[in-house]
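Report on the following structure.
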(Lines of atoms letter the chains of each structure in order from A and count residues from 1; the text may use other names and numbers.)
(Lines give C-alpha, C1' and ligand atoms only; values in the text may rest on other atoms or scores of the structure.)
Protein backbone atom coordinates (compact mmCIF):
# COMPACT_ATOMS: atom_id res chain seq x y z
CA UNK A 1 0.00 0.00 0.00
CA UNK A 2 2.73 2.47 1.01
CA UNK A 3 4.81 1.59 -2.02
CA UNK A 4 1.90 2.10 -4.40
CA UNK A 5 1.19 5.55 -2.92
CA UNK A 6 4.83 6.56 -3.28
CA UNK A 7 4.93 5.28 -6.86
CA UNK A 8 1.77 7.22 -7.73
CA UNK A 9 3.33 10.39 -6.30
CA UNK A 10 6.48 9.85 -8.32
CA UNK A 11 4.50 9.30 -11.52
CA UNK A 12 2.47 12.44 -10.85
CA UNK A 13 5.53 14.68 -10.60
CA UNK A 14 7.92 13.09 -13.11
CA UNK A 15 8.75 15.15 -16.15
CA UNK A 16 7.04 18.37 -15.06
CA UNK A 17 9.23 21.43 -15.47
CA UNK A 18 8.38 24.41 -13.29
CA UNK A 19 7.95 26.61 -16.36
CA UNK A 20 5.28 24.27 -17.75
CA UNK A 21 3.05 24.39 -14.70
CA UNK A 22 0.01 26.58 -14.33
CA UNK A 23 -0.71 27.91 -10.84
CA UNK A 24 -3.23 25.12 -10.17
CA UNK A 25 -0.79 22.45 -11.26
CA UNK A 26 1.95 24.07 -9.18
CA UNK A 27 -0.31 23.73 -6.14
CA UNK A 28 -0.88 20.03 -6.87
CA UNK A 29 2.81 19.34 -7.37
CA UNK A 30 3.91 21.38 -4.36
CA UNK A 31 1.41 19.61 -2.12
CA UNK A 32 2.14 16.07 -3.33
CA UNK A 33 5.90 16.58 -3.15
CA UNK A 34 5.58 18.07 0.33
CA UNK A 35 3.37 15.16 1.41
CA UNK A 36 5.92 12.60 0.23
CA UNK A 37 8.78 14.48 1.88
CA UNK A 38 6.93 14.93 5.18
CA UNK A 39 5.79 11.31 5.29
CA UNK A 40 9.25 9.97 4.56
CA UNK A 41 11.02 12.35 6.94
CA UNK A 42 8.71 11.49 9.85
CA UNK A 43 8.74 7.75 9.15
CA UNK A 44 12.53 7.72 8.81
CA UNK A 45 12.44 6.48 5.23
CA UNK A 46 14.55 7.72 2.33
CA UNK A 47 13.62 11.24 1.32
CA UNK A 48 12.18 11.27 -2.19
CA UNK A 49 11.69 14.96 -2.84
CA UNK A 50 12.78 18.32 -1.54
CA UNK A 51 11.46 21.80 -2.27
CA UNK A 52 13.15 23.07 -5.41
CA UNK A 53 11.15 26.09 -6.47
CA UNK A 54 11.39 29.75 -5.60
CA UNK A 55 7.68 30.12 -6.41
CA UNK A 56 5.80 31.24 -3.28
CA UNK A 57 2.65 29.32 -4.24
CA UNK A 58 4.67 26.13 -4.70
CA UNK A 59 6.39 26.66 -1.34
CA UNK A 60 3.08 27.26 0.45
CA UNK A 61 1.59 24.02 -0.84
CA UNK A 62 4.82 22.11 -0.22
CA UNK A 63 4.69 23.17 3.45
CA UNK A 64 1.01 22.19 3.75
CA UNK A 65 1.72 18.82 2.16
CA UNK A 66 4.75 18.30 4.41
CA UNK A 67 2.65 18.85 7.54
CA UNK A 68 -0.09 16.51 6.31
CA UNK A 69 2.46 13.84 5.38
CA UNK A 70 3.99 13.94 8.87
CA UNK A 71 0.52 13.69 10.42
CA UNK A 72 -0.40 10.71 8.22
CA UNK A 73 2.76 8.90 9.27
CA UNK A 74 2.04 9.52 12.95
CA UNK A 75 -1.47 8.09 12.53
CA UNK A 76 -0.15 5.06 10.67
CA UNK A 77 2.41 4.20 13.33
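Numbering (the numbering used here), first residue to last: 167 to 243. Idealized CB from N, CA, C, for every residue including glycine.
Listed in chain order, the non-local C-beta contacts of residue 232 below 6 Å within the same chain comprise 200, 203 and 204, local neighbours out to five positions each way being set aside. Residue 236 is classed as buried because its beta carbon has at least 16 other beta carbons within 10 Å across all chains shown.
Looking at the backbone, the Cα of residue 198 and that of residue 229 are separated by about 10 Å. When DSSP assignments are scanned along the segment 188-213, the uninterrupted stretches of alpha helix (DSSP H) that are 4 or more residues long and fall wholly within it turn out to be 189-209. Going by C-alpha positions, residue 210 is about 11 Å away from residue 240.
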